[in-house]
Amino acid sequence: MPTSAPTVDFCHGDPCGRSSATCISLQSNYTCVCEYGYYYSNKNCYKGEVFPATIAVNMPYSKNLEIVNSTEYQELSNNVSAFFKKAFKDLPGYEETVIMKIQPLSENRNSDSGLNITVTNLFKENSNQSAAAVSAAVEAVTKNDTSFVKAYEAAKHCDVYECDLKTTVCEEDQFPQCKCKPDLEKTKWDDRSCSVCSANCSAAKYKYCVQEEGPKCKCMINFKKEDEECVPCPVGYSGENCSDNSELILIIVGTVFGAIILCLVIAVSVISVRAKHKQNPEKRSLIRSGYSDRTTSDDRPSMFPRVQTTSGHANPGYQPNNPYEMRSRNRDHFPERDYDDLYEISREPTGFRTQSRY
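In terms of the numbering used here, the sequence shown opens at residue 75 and continues consecutively.
Listed below in structure tokens is the structure:
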């Protein structure tokens, strides 16, 4: 806690001895505070059993309470010590109570709602006291008298020990430890924080160290952290921690346009093939007619048209086999036949031959 310039420096001359205790000069005397988990006795610090807790007291908040050598803080410290000595008078091994933090019960610091004080009650190491026994002793006092302490609640060691939450993780124990977060480490001056990056935070691991209200190990550009390791960004992502997805948008848009173009090419191909095989109705009719004539003829199908005759019949469309026998008005223009038609041409499967008509 902050201090003001006291009228008298009660810590002059090292009254706490050569132990690891820290001397704090109050308004009218001094107090010797040891490290967490230790209590001060006979000018030395001893390991003890710690029972952290929070108490709500009936006392208005004042900014002077944040100054350890103020009159208000001296009064509060005396009242807290007196209350717990009374509460633990029947519990063997009690040594002292240390004030760790003072806060107003209400967010409005100007209100008279009271104070919330975090304390540690220290017993001798071999006292064999339990948290339940300590709580029961305090509740027995507050049940009959709430003039000063009106509520008591046991707390965790990590709630009191105050590790640096940005760089460490508190491990709950009788003597809690502030473990460094991954890729960070402590120096010889660190106790509850980690002030530097570890050797694992290197370019070989695709990492680099920055100072952002304390050291922080980050992944390089186009990498992201997975299971405390930096891995390349998936396809379509880039930037710091793979937060830029512009490449993914381009891939999606390109894929959609490619699919559209492919569909258009397929559609055009299908239409072209159908148009090529589609026949003209008139052409199709002629083909069917010619095929029908060939299939109903007595003779074998032929690719050439045949001339139909009615030789020897009184038919208006009669035409003789021999064109020279044709009767016509212009007979004078045609020579008469001067030979006997004894033979006629007959078509056989193997060719044409002549045969006698008589």
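From the three backbone atoms N, C-alpha and C, an ideal C-beta is built for every residue, glycine too. Computed from a predicted model, the values in this text were never measured in an experiment.
Cβ contact annotation for Thr145 (same chain, cutoff 8 Å, sequence separation greater than five): Gln101 and Asn138, in chain order. Val142 is bridged by DSSP to nothing; it lacks a bridge partner.
For Thr171 against Val193, the beta-carbon gap comes to about 5 Å, under 8 Å, which counts as contact.
Secondary structure note for Ser115: it is in no alpha helix (DSSP H), and the uninterrupted beta strand (DSSP E) holding it is Tyr112 to Ser115. Around the CB of Val82, fewer than 16 other CB atoms lie within 10 Å, so the residue is classed as exposed. The shortest C-alpha to C-alpha distance from Phe157 to any of Val223, Gly167 and Pro89 is the one to Val223.
When secondary structure is reduced to three states using DSSP, Tyr311 falls in the coil class, being assigned neither helix nor strand.
Burial state of Gly332 is exposed, judged by a 10 Å Cβ sphere holding fewer than 16 other Cβ atoms. The C-alpha of Glu169 is placed about 16 Å away from the C-alpha of Ala127. Under the three-state reduction of DSSP, Phe125 is assigned to strand. In terms of Cα proximity to Ser267, the closest of Gly288, Asn143 and Met133 is Gly288.
Between Ile295 and Gly310, the C-beta gap is not smaller than 8 Å, which leaves the two residues out of contact. Bounds of the alpha helix (DSSP H) holding Ala205 are Ala205 to Asn218. With a cutoff of 8 Å on beta-carbon distance, Glu199 and Pro256 are scored as not near each other. Between Asn143 and Ser99, the gap from beta carbon to beta carbon is short of 8 Å.
In terms of Cα proximity to Cys119, the closest of Lys290, Phe197 and Ala130 is Phe197.
Measuring C-alpha to C-alpha distances from Cys304 to each of Ser221, Lys279, Ile323 and Asp265 identifies Lys279 as the nearest. When DSSP states are grouped into helix, strand and coil, Ala95 belongs to the coil group.
Less than 8 Å divides the Cβ of Cys237 from the Cβ of Cys252. For the options Val124, Leu338 and Glu314, the alpha carbon positioned closest to that of Lys281 is the one of Glu314. With a threshold of 16 other beta carbon atoms within 10 Å, Ala341 falls short and is exposed.
Collapsing the DSSP output to three states places Tyr104 in a strand. In the DSSP assignment, Phe249 forms no beta bridge with any residue. Every unbroken stretch of the beta strand (DSSP E) spanning 3 or more residues and falling wholly within the segment 216–289 is given here in chain order: 223–228, 242–245, 251–254 and 281–285.
Between the alpha carbons of Leu322 and Thr329 lies a gap of roughly 11 Å.
If only uninterrupted alpha helix (DSSP H) runs of at least 4 residues are considered, those enclosed by the segment 145–174 are 145–161. One thing to note: Leu165 has its Cβ no nearer than 8 Å to the Cβ of Ala206.
Across the structure, Asp88 and Thr96 are spaced so that their CA atoms are roughly 9 Å apart.
Taking 8 Å as the upper bound for CB-CB distance, Ala130 and Asn190 are in contact here, some 6 Å apart.
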